[in-house]
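Here the structure is laid out as structure tokens; the discussion comes afterwards.
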Amino acid sequence: MKIGIWIPSVRHMARPDAIRDSIVRAERLGYDSVWTIDHVIAPLANREQFGLIYDPFVVMALAAGLTERVQIGVSVLVLPYRHPALVAKMVASLDDLSGGRIVFGVGAGWNRAESTILNVPFDERGAMTDEYLRAMRELWTSSAPSFAGRYVSFADVESRPVPAQKPHPPIWVGGSSPAALRRTAEFGDAWHPINRTSAELQAGMAEIARLGERFGRVAPPTLCPRVDARLVLERPGQPGPGPRRAPAGGHAGAHGRADRGAPGARRRAPGAGVRRPRRGALRGPG
């Protein structure tokens, strides 16, 4: 098992010094990966839930420049929010410049208001995510990329650099809905659900394996869940923290269920997951 840690690039812990320190310490302490998340703009109704969120690609670029070993991932990028040619370029550039250390987590999104602000038809976000993934794979793997779809088309183009990892960085598909399970079977190198029980994980993987036959998969995706974790420092002679109510809001994954606190993950090989400290937790990867 490999374990990664969340970079505090969101909410009350999001400060430039904390972000840089967490990245550097994570590599120094032996974590396998560092992770950020994605939202573009916060509707006022979600202000506390979103809080301050640094752009994931900027944070990933910072991590690439500060480290040499750890994998660098986003858990997850809301794919319909950006044109796939732009995302393919940014992911490929990051992967090339980092020496092949990017993990590309994707989801369809869950916030209708944010989607509306960004001119994304909310009820079509799933179809857009599927098409964008197909278009990006074409840009990453073809010497003469060409694509014609409902939402994006291109031909007679060149897209370089290409990713250092072949055929492309691992794609982790977030969410636990039927559409997310099918998307994992079709596109995913890993299934990346959020805070699921062991029974739910087993059922999800069984369904993904069944669906994989439709797409001619030889082996199913890896299970790479994201789970909440708390690291608490207790002073000698003082009691630890008592029961706490879950904070309002939380981050909701593509399946629409809110994580009560900051998401974290464990990853089975090959790669890592995400862990977030929560209020009262040790701030920093260790």
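Using this note's numbering, the first residue of the sequence shown is number 199, and each one after it goes up by one. Glycine residues also receive a C-beta, built at the ideal position from the N, C-alpha and C atoms.
In terms of alpha-carbon separation, which member of the options lies closest to residue i?
i      : options                        : result
Val238 : Glu225, Tyr252, Gly228         : Tyr252
Ala284 : Asp219, Phe352, Gly298         : The displayed chain sequence assigns Leu, not Ala, to residue 284. That would be Phe352, whose Cα lies nearest to the Cα of Leu284.
Glu312 : Val360, Asn244, Ala212         : Asn244
Val274 : Pro254, His281, Ser291         : Pro254
Ala290 : Val371, Pro365, Glu384, Phe413 : Pro365
Val346 : Pro282, Glu405, Val360         : This sequence places Ala at residue 346; Val is not what is there. Comparing Cα positions, the closest option is Pro282.
Arg335 : Arg380, Leu399, Phe385         : Phe385
Gly402 : Tyr279, Gly372, Gly414, Ser357 : Gly372
Asn317 : Ala397, Leu260, Tyr279         : Tyr279
Ser340 : Ala286, Leu379, Arg348, Ala306 : Ala286
Ala212 : Phe302, Val257, Gly307, Val222 : Val257
Phe248 : Asp426, Val222, Trp308         : Trp308
Val222 : Ser344, Val272, Ala262         : Ala262
Are residue i and residue j closer than 8 Å when you measure CB to CB?
i      : j      : result
Ser220 : Pro241 : no
Pro391 : Pro423 : yes
Thr395 : Trp389 : no
Ile369 : Val304 : yes
Ile203 : Ala216 : no
Trp338 : Pro361 : yes
Val355 : Ala333 : no
Arg218 : Leu277 : no
Asp293 : Pro376 : no
Asp321 : Gln269 : no
Arg209 : Leu260 : no
Leu409 : Leu379 : yes
Asn393 : Val416 : no
Which residues does DSSP pair with residue i in a beta bridge?
i      : result
Gly202 : Ser231
Ser351 : Ala346
Val238 : Looking at the DSSP assignment, Val238 forms no beta bridge with any residue, so it has no partner.
Val222 : Per DSSP, none; premise fails for Val222.
- Task: Could you pull out every unbroken beta strand (DSSP E) segment of at least 3 residues lying fully inside the segment 246-324, listed in chain order?
- Result: 269-276, 300-305
- Query: Taking the runs of the alpha helix (DSSP H) that are 4 residues or longer, which of them lie wholly in the segment 355-440?
  - Reply: 376-385, 396-410
- Message: Any contact between the segment 325-332 and the segment 288-302? By contact I mean 3 or more CB pairs, one from each, below 8 Å.
- Response: no
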